[in-house]
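Everything below concerns the one structure shown next.
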Amino acid sequence: MITLQKKEDIAQISERLKKEQRTLRFRRLKSNYGLLIGATIIILLIVLAIIGPLFTPYGPYGMKVLDRLLPPSADHWLGTDEFGRDLFTRIIYGARVSISIGLIVALLSSFLGLIIGVYATYYKILDHILMRICDGLIAIPGILLAIALMAALGASSFNVIVALTVVFTPNIARIVRSTALVVREQTYIEAMHAQGASNSRIIWLHIVPNTLSPLLVQATFVFAEAIISEAALSFLGAGIPAPEASWGNILQAGKLVIYKAWWMVVFPGVAIIISVLSLNLFGDGLRDYLDPRVKLKQKKS
Amino acid sequence: MRNETTANQPILEVISLEKKFPVYGSFGKWFGTKSYVNAVTDVSFRLYKGETYGLVGESGSGKSTTGRTILGLTPATSGQVLYEDKDLAKLTRNELRKFRKDIQFVFQDPFSSLNPRKRIGPILEEPLLIHKMGDQKQRQEQVFRILEIVGLQPEHYFRYPHEFSGGQRQRVGLARALIMNPKIIVCDEPVSALDVSIQSQILNILKELQKELQLTLLFITHDISVVRYISDRIGIMYLGTIVEEALTDDLFNEPLHPYTKALFSAVPDFTRNRLSERVILKGEIPSPLSPPSGCVFHTRCPYATDICKAEVPGLKEVRPNQRVACHLISAH
Amino acid sequence: MNSVPLLEVKNLKTHFHTERGRVTAVNGVSFTINKGEIIGIVGESGCGKSVMSQSIIRLLEHTDSIEYEGEVRFDNQELLSMPISQLRAIRGDEIAMIFQDPLSSLNPVYTIGNQIVEVLRQHQKISKKEAHKKAIEVLRATGIPSPEIRVNDYPHQLSGGMQQRAMIAMALSCEPKLLIADEPTTALDVTIQAQIIELIMELNRTMGMGVLFITHDLGVVSEICTSVKVMYLGQIVEDTTTERLFATPLHPYTQGLIKSIPRMDGNRHEKLHVIEGTVPSIADIPRGCSFSTRCPYADERCFNEEPLMEKVNAEHSVKCWNYAAINNLEGRA
């Protein structure tokens, strides 16, 4: 029915529209300062964590008792710690640990939370079982739960990831579930049922894509929270074990010498604040970007 | 022509359909008191090939639930739906597949009935994919053909639903129903969310396509003038039952049931003399949680007598092709 | 008849500032309402009829990106330039408004009685007891059965029709001079709609208030209004009495609208009339006549020059260059 010439037209139209949609998306991105600033800082932090060691002649573990607790200077930009290790180097190595733990926890708990949340909306019995478990986990304060888990599992990076994933998954599952419950009642899902689509098709091709945007936003917040929680665990001595650098255990060491060496607490603290703030900025911007209606509505009403 | 169609075998037959929704008291599912919303109490009608059957009622009359139950989107509490003489409840997997292909649905809300994250093309290809029909290229061609049929442009294939107006979305909804070459389309208030000038476009398309493709339509609506325009036969629903059923012209020339009369006269209509006499019903539709005894309409009926409170009137054929459920009207 | 109209709207314009620039939702609307009149405003969604009605009492003001032009005179007071505190005393007291969706316009945590009492006590110096008594009275006047009991009900305990009655009771509690009704029957079933229309007409007769009735339903307009203004893209395109509007519509848009409704006495087997195309977005209103993009009679002048509202006779005005030619043309055909 459609002639060849028309088909060529269609290819052109497709190209044109895709370009149009791309420029629109780009324009929306350009005006979203939160997203841009947040993303820039995070990328800078990550780059610094990766190539930072190139800038310092020191290693993270090499102790020099004579250089103990030196204040910031040209040799030691951020000073040294109680074992004479360069603080700048320690913080960069700490960034590697903190950011990668945060990222892994965010990814793992999003993935688990997505599966739990979506299947819970779809199968009643699963809903009762999974959501009661989640409720139970949420009932215990997150940091306490993490400490208890660490106590049971023993201190190591791997176990920090496990503990924090257990803490954050229920929150994500709840958010996914509440979104999916709304999506499930939409007419287009009913239309799929009327077409005879299978459950897994409806779940994976129609419900999941519609829960992704709140999930992504939440994942950035979990990322930020995981960094704080990891720092808190290490600060309490229940996180990353001692010789390895992490912002939390630098802080812990700094606590003991806080009157003699302010730089030991200020700089890791600043690192935590910058990374968490930029992640939150990024998350807020992402929410606006993914849901253009938020902005339009404000303008219209 | 009408008589020919009625002489045919029905393509779809609904026999004393009943649908109750359980409602739980304040103590929840396990401890609370359980009661039922009687959405559909007793509905029987036949759909003949090539006709448009209008199911009319106000909100809470059970017309939409009837449509959904016929499609199997929600199981019936009791009663049967026969498609080509086969009971829907007893279909095998393959037969059910065929049924899903043959009977399609157009929804009321053109905004929530399209997945906002998908382009129009994939939305329309989805049913073909579900039923594993054709390859990628054939599917795409089929979609372009359907887009043309419902009056959309090829470029709409690549657009997202939010870029469309209400009327265009409803065309997409129609295209999604048509793409499977169905025999029956159930339309649940397809034009009530649209402006009048757009509404007439959609009604024209529906009517044209029906003639061209030999479709059978079940048209569910609350809009009396729309149903008069589109239907060959009409069933009037009130509180879960059909109270009157007739050919469109007969029904509008002489409605028999007191509810039908009141309903027709309540329609605001600029063609009627402004000072003409109107029957304005007192009160409102009773709650389907506790429908009245006897005739469901007796609480608002100006002519109700004692028998109306006690006995449920059955649908009786009072004239050829006109059935009425009322104690006060007898065959002549 | 009173020589000073109750409400006089002169060249009202409402602009929104959006991220895409300034958008004009209401573009130069003028009309008057006299005491006891029911004026209908008809148009499709997006024609600006709701924004116009809300602009009259500046309900949209909380969004900072709005800008009004023109004049709205109510009872010899200029509403657009009035300080907002003074306007608040008029809102709800002398000008009342009812909306399309009664459930979302009533506060779910207060009984309807409480809500009426609150309106009353805001505008009149009366005791709580008196206000409560008056609330029962207005509820009775709007036909709510056993108002002594219903006054203590929460909105969700009432059915849709009863909620709309309660909304009307609330609006009427201070005996306003003007009632603005924005699609008050659209969410209701026809049999309930008939009851509410009857009620508004009766209250209009007994209380003598002016009513501005906004709807998209030409049928409803024909039942209730004394005169009608048809709106398209923020402008009034035709203005006449109800009888004349349906008997001799002059504007091509009005004609199209009336023809595209399936009529109760029409031929069922004929195709319905269709107005080609869709309503343009208010963000890009066509040059010249705003209806030119969809008008079957549009010529060059229509695309380039905007027509003025022209008085055809004492009770009929139309905004169209070619109305005379079109209607002669139709007479010949």
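Chains as they are written, first to last, in the working numbering: chain E, 1270 to 1570; chain U, 11 to 342; chain Z, 5 to 337. Glycine included, every Cβ here is placed at the ideal spot set by N, Cα and C.
Point to revise | Below-8 Å beta-carbon distance, LEU222(Z) vs any chain U residue | key: Taking Cβ atoms only, chain U reaches closer than 8 Å to LEU222(Z), which makes this a yes.
Review point. Do you know whose CA, among PHE109(U), ILE290(U), HIS267(U) and VAL236(U), lies nearest SER207(U)'s CA?
Key: VAL236(U)
Review point. Is there at least one Cβ from chain Z nearer than 8 Å to PRO425(U)'s Cβ?
Key: In the structure as shown, chain U begins at 11 and stops at 342. Residue 425(U) is therefore absent and cannot be evaluated.
Check your understanding: Any contact of the segment 59 to 67 of chain U with the segment 209 to 229 of chain U, i.e. 3+ C-beta pairs under 8 Å?
Key -> Contact between the segment 59 to 67 of chain U and the segment 209 to 229 of chain U is present, because at least three Cβ pairs lie under 8 Å.
Check your understanding: Considering only C-alpha positions, which residue in the set GLU23(U), HIS141(U) and GLN118(U) is nearest to ASN191(U)?
Key -> HIS141(U)
Exercise for review: Over the uninterrupted alpha helix (DSSP H) stretch that includes ILE1361(E), give me the two end residues.
Suggested key: The continuous alpha helix (DSSP H) containing ILE1361(E) extends over residues 1356 to 1391.
Review point. According to a CB-to-CB cut-off of less than 7 Å, which residues of the segment 238 to 272 of chain Z neighbour chain U?
Key: PHE250, GLY260, LEU261, SER264, ILE265, PRO266, ARG267, MET268, ASP269 and ARG272
Practice item. With a cut-off of 8 Å on the beta carbons, I'd call GLN118(U) and ALA185(U) a contact; round off their distance for me. Key: No, GLN118(U) and ALA185(U) are not in contact; Cβ-Cβ is about 16 Å, not under 8 Å.
Exercise for review: For the segment 152 to 205 of chain U, list the beta strand (DSSP E) runs that are entirely contained and at least 3 residues long, ordered along the chain.
Suggested key: 194 to 198
Review point. Can you tell me whether LEU285(U) is buried or exposed, with buried defined as 16 or more other CB within 10 angstroms of its CB?
Key: In this predicted model, LEU285(U) has a pLDDT of only 49, less than 50, meaning its place in the structure is not dependable; the value taken from the coordinates is given anyway. LEU285(U) comes out exposed.
Check your understanding: In angstroms, rounded to a whole number, what distance separates the CA positions of GLU73(Z) and PHE20(Z)?
Key -> 12 Å
Review point. Given PRO312(U), which residues of its chain have a CB within under 7 Å of its CB, disregarding the five upstream and five downstream residues?
Key: Result list for PRO312(U): PRO268, in chain order.
Exercise for review: Just the chain U side, please: which residues come within less than 7 Å of LYS275(Z) by C-beta, in chain order?
Suggested key: Within 7 Å Cβ-Cβ: ASN214.
Check your understanding: Can you give the Cα-Cα distance for ALA139(Z) and ILE94(Z), rounded to whole angstroms?
Key -> Cα to Cα, the separation comes out at about 20 Å.
Point to revise | Anticipated Cβ contact below 8 Å, ILE148(Z) with ARG169(Z), distance rounded | key: 5 Å
Practice item. Would you list, in sequence order, the uninterrupted beta strand (DSSP E) runs of no fewer than 3 residues that lie entirely inside the segment 1508 to 1562 of chain E? Key: none
**Study point:** Whole-number beta carbon distance between SER1547(E) and SER1367(E), since they are thought to touch under 8 Å
**Key:** Going by Cβ atoms, the distance from SER1367(E) to SER1547(E) rounds to 13 Å, so no, they are not a contact pair.
Review point. Looking only at C-alpha atoms, which of THR190(Z), HIS127(Z) and ARG77(Z) sits nearest to ILE102(Z)?
Key: Of the candidates THR190(Z), HIS127(Z) and ARG77(Z), THR190(Z) places its Cα closest to the Cα of ILE102(Z).
Exercise for review: Following the continuous beta strand (DSSP E) through ILE230(U), name the residue where it begins and the one where it ends.
Suggested key: Note, ILE230(U): beta strand (DSSP E), 226 to 231.
Exercise for review: Count the C-beta pairs between the segment 1400 to 1409 of chain E and the segment 1457 to 1477 of chain E that are closer than 8 Å, then say yes if the count reaches three, no if not.
Suggested key: no
Exercise for review: With distances taken Cα to Cα, identify the nearest neighbour of ALA1530(E) among PRO1322(E), ALA1449(E), LEU1304(E) and ARG1337(E).
Suggested key: ARG1337(E)
Check your understanding: Among ALA175(Z), LEU237(Z) and SER89(Z), which residue has its Cα nearest to the Cα of GLY50(Z)?
Key -> LEU237(Z)
Review point. In chain order, what residues of the same chain lie with their CB nearer than 6 Å to the CB of LYS137(Z), ignoring the 5 residues before and after it?
Key: none
**Study point:** Exposed unless 16 or more other CB atoms sit within 10 angstroms - verdict on ALA1420(E)
**Key:** exposed
Practice item. Return the Cβ separation of TYR63(U) and GLY245(U) in integer angstroms, given the expectation that the two are a contact with Cβ distance under 8 Å. Key: About 7 Å separates the two Cβ atoms, so the contact holds.
Check your understanding: Under a three-way DSSP split, which group does VAL322(Z) fall into?
Key -> strand
Practice item. Check each residue of the segment 134 to 164 of chain Z: if its Cβ is closer than 9 Å to any Cβ of chain U, include it; give the result in chain order. Key: Identification of residues in the segment 134 to 164 of chain Z having a C-beta nearer than 9 Å to some C-beta of chain U yields PRO149, SER163 and GLY164, given in sequence order.
Practice item. Answer with yes or no whether the minimum CB distance from THR1456(E) to chain U is below 8 Å. Key: yes
Review point. Fully enclosed by the segment 1422 to 1482 of chain E, which alpha helix (DSSP H) runs are 4 residues long or longer?
Key: 1426 to 1453 and 1456 to 1463
**Study point:** Anticipated Cβ contact below 8 Å, ILE60(Z) with VAL13(Z), distance rounded
**Key:** VAL13(Z) and ILE60(Z) do touch by the CB rule: their CB atoms are close to 7 Å apart, below 8 Å.
Review point. From LEU1314(E) to SER1544(E), what distance separates their C-alpha atoms?
Key: 8 Å
Practice item. For GLY1328(E), name the three-state secondary structure that DSSP assigns. Key: If DSSP states are grouped into helix, strand and coil, GLY1328(E) belongs with coil.
Practice item. Please name the residues in the segment 301 to 322 of chain U whose beta-carbon is closer than 9 Å to at least one beta-carbon of chain Z, in chain order. Key: If the cut-off is 9 Å between Cβ atoms, the segment 301 to 322 of chain U has ARG310 near chain Z.
Check your understanding: Which bits of chain U does ILE1282(E) rub up against, with CB to CB less than 9 Å?
Key -> GLN163, PRO164, GLU165, TYR167 and PHE168
**Study point:** Closest by C-alpha distance to PRO1552(E), when choosing among GLN1290(E), VAL1387(E), LYS1299(E) and GLY1307(E)
**Key:** In the sequence under discussion, the amino acid at residue 1552(E) is Gly, which differs from the Pro named in the question. For GLY1552(E), the closest alpha carbon among the candidates GLN1290(E), VAL1387(E), LYS1299(E) and GLY1307(E) is that of GLY1307(E).
Review point. Do we get a CB-CB distance below 8 Å when we pair ALA287(Z) with the residues of chain U?
Key: no
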